């Protein structure tokens with residue numbers, strides 16, 4: 007493990023350059039895309055807390071990321087609009103004044119999470135494998151399309167990535183040496199992860215169990231024939247110093263969480279109790295997972311998830327260079343961990359495994375955005391692998407070939423600008439919509455492009471089957487008819503990719519009803535134009 011001190015100037019400059027280029031690419035997408043499906047609701051919930059001091063709209067998504075995306079609009083003078091429905095409130099806030107400006111300010115709110123995540127990737131890789139690996143890792147991370155995509159929209163996923171990564175890193179440092187300062191930072195990091203997204207609770211819980219189990223196992227074996235209870239107390243239950251420092255970690259975490267929730271107090275069985283909104287949010291999230299969610303995978307519509315959704319999704323949404331380097335780095339770290347018995351080397355791997363272990367059986371399959379931390383771990387491992395390969399293969403011809411392959415992979419990932427959201431690697435082929443849809447392809451982001459296309463073609467009336475929460479008319483689209491299953495359509499017809507391939511879905515009495523053949527009749531009509539990556543334009547005679 008490398009010392010965190012004495013960081014060379016070139017390493018710092020490499021980090022700053024990578025982050026600056028990534029941030030510039032992110033910001034340049036703001037003016038291209040209309041509001042995506044979830045942006046309005048997150049802005050609405052955050053604005054409610056900032057403006058009214060309450061957080062009632064949707065407890066299953068905690069406040070931190072939502073306040074972050076609402077802060078810019080709030081500081082610009084926009085306030086809650088008083089609409090009872092969260093979807094309507096989100097639209098009302100975005101379009102209360104200048105919609106483009108409001109959305110720009112909201113999206114800026116997630117940029118600090120992108121920068122924090124990039125810093126943690128750089129710092130963690132540097133600790134494992136040095137400055138060269140750290141710069142490669144942050145370069146991989148800041149050029150990964152799914153990372154850029156979800157750092158470009160006013161949602162919660164990049165916030166979850168940054169805070170969960172920070173919590174695991176803080177935990178590793180605290181387990182190494184539970185100083186007073188590290189105890190405070192662990193409490194802050196825990197609160198940040200909890201209030202960014204509730205899935206972090208399960209991700210971190212499983213990851214921590216794996217980390218402590220590894221420490222206990224190796225401590226037990228190194229203790230020889232000592233009583234197993236000694237090993238358990240030493241490695242799993244922690245040292246007396248760790249236990250004393252928990253008296254700092256716990257209160258700091260509680261106070262920080264309570265601050266983020268606006269010092270909310272409710273009642274629990276008639277007794278005043280703090281953070282009842284958080285408790286309700288956990289219940290609501292568990293209920294949502296129990297109900298499942300309308301999703302699409304490999305040409306089929308589902309409502310209860312599929313165990314291959316995330317493995318296949320990662321296989322087709324990860325740049326091949328990152329995949330090759332990352333998986334090589336995973337193998338290298340496993341071997342180094344085994345031979346050195348240094349549990350810290352295994353922490354990013356165990357954190358990634360925990361995310362997969364929790365996500366694969368989940369019934370909410372609507373995008374690889376829910377497993378974004380895996381891209382950060384792949385970047386860390388990719389930096390380790392790149393430096394190892396460079397040292398092992400010193401012949402100029404081999405290094406030249408490696409550089410060309412890396413450059414080709416980088417170009418493949420970056421040439422999709424600005425359509426990072428709809429990125430698929432070469433394994434997906436020419437029709438990625440046959441594999442995934444929803445937030446991996448079509449999240450309602452192309453209304454501005456549709457407006458421009460209609461204007462350039464002189465089309466003054468269009469029927470639409472739109473997948474999104476925005477109101478197309480608010481973007482200047484001359485909608486003549488909003489399509490519902492069974493309707494008759496003639497003339498120009500714009501259809502979202504998600505609805506086209508998945509069909510329509512309805513939640514009735516707690517049960518999803520899927521209609522995968524909603525748009526089968528369109529098979530007889532050619533596509534007149536593709537609008538960005540998410541909309542298809544037909545002309546029905």
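In the numbering used here, the protein residues as written are 7 to 547.
Note that CB positions come from ideal geometry on N, CA and C, so glycine has one too.
None of the values given here were measured: they were computed from a predicted structure.
On a CA-only basis, which of the options is nearest residue i? Give me that one, please.
i: residue 96; options: 123, 405, 160, 277; result: 160
i: residue 262; options: 283, 410, 194; result: 194
i: residue 305; options: 445, 62, 440, 21; result: 440
i: residue 50; options: 42, 63, 43, 59; result: 63
i: residue 202; options: 29, 78, 169; result: 169
i: residue 44; options: 84, 94, 217; result: 94
i: residue 23; options: 545, 323, 107, 124; result: 124
i: residue 60; options: 163, 112, 133, 269; result: 269
i: residue 137; options: 275, 21, 487; result: 21
i: residue 452; options: 255, 536, 495, 78; result: 536
i: residue 327; options: 373, 408, 114, 217; result: 408
i: residue 412; options: 423, 425, 393, 427; result: 393
i: residue 266; options: 30, 274, 72; result: 72
i: residue 101; options: 114, 148, 85, 373; result: 85
i: residue 500; options: 146, 129, 450; result: 450
When we look at the beta-carbon of residue i and count the other beta-carbons within 10 Å, is it buried (16 or more) or exposed?
i: residue 463; result: exposed
i: residue 278; result: exposed
i: residue 539; result: buried
i: residue 471; result: buried
i: residue 247; result: exposed
i: residue 490; result: exposed
i: residue 519; result: exposed
i: residue 54; result: buried
i: residue 512; result: exposed
i: residue 371; result: buried
i: residue 91; result: exposed
i: residue 230; result: Note that residue 230 scores 47 on pLDDT, short of 50, meaning its location in the model is unreliable; the coordinates nonetheless yield the value given after this. Exposed, by the Cβ-count rule.
i: residue 284; result: buried
i: residue 517; result: exposed
i: residue 41; result: buried
Please classify residue i: does DSSP put it in a helix, a strand, or coil?
i: residue 534; result: strand
i: residue 342; result: helix
i: residue 347; result: coil
i: residue 210; result: helix
i: residue 282; result: helix
i: residue 386; result: helix
i: residue 470; result: strand
i: residue 234; result: Reliability of the predicted coordinates at residue 234 is poor, the pLDDT of 41 falling under 50, and the value obtained from them is presented with this limitation in mind. It is helical.
i: residue 425; result: coil
i: residue 461; result: helix
i: residue 121; result: helix
i: residue 481; result: helix
i: residue 4; result: This structure cannot speak to residue 4, because the chain is shown only from 7 to 547.
i: residue 43; result: coil
i: residue 325; result: coil
i: residue 319; result: helix
i: residue 452; result: coil
i: residue 154; result: helix
i: residue 394; result: helix
Could you please give me the residues that DSSP links to residue i through a beta bridge?
i: residue 306; result: 303
i: residue 149; result: According to DSSP, which records beta bridges pairwise, residue 149 is partnered with nothing at all.
i: residue 520; result: 511
i: residue 356; result: Its beta-bridge partners do not exist; DSSP assigns none.
i: residue 272; result: 279
i: residue 442; result: 303
i: residue 502; result: 541
i: residue 497; result: 546
List the endpoints of the continuous beta strand (DSSP E) containing residue i.
i: residue 511; result: 510 to 514
i: residue 163; result: First-last for residue 163: 163 to 182, but that is the alpha helix (DSSP H), not the beta strand (DSSP E).
i: residue 544; result: 541 to 546
Since residue i is in the alpha helix (DSSP H), which residue starts that stretch and which ends it?
i: residue 201; result: 186 to 202
i: residue 528; result: Note, residue 528: premise wrong, no alpha helix (DSSP H); not H, not E.
i: residue 488; result: No alpha helix (DSSP H) holds residue 488; the beta strand (DSSP E) holding it covers 485 to 488.
i: residue 413; result: 402 to 420
i: residue 95; result: 92 to 100
i: residue 434; result: Per DSSP, residue 434 belongs to no alpha helix (DSSP H) and is neither H nor E.
i: residue 28; result: 15 to 34
i: residue 78; result: 69 to 81
i: residue 61; result: Careful: residue 61 lies outside any alpha helix (DSSP H) and carries neither H nor E.
i: residue 378; result: No alpha helix (DSSP H) holds residue 378; DSSP gives it neither H nor E.
i: residue 258; result: 246 to 266
i: residue 111; result: 105 to 114
At least one CB of chain B closer than 7 Å to the CB of residue i: is that the case?
i: residue 71; result: Judged by its chain identifiers, the structure shown contains no chain B, having just a single protein chain.
Please tell me whether, using a cut-off of 6 Å, the distance from the CB of residue i to the nearest non-hydrogen atom of the ligand SAH is below it.
i: residue 155; result: The ligand SAH is absent from the structure shown, which contains no ligand whatsoever.
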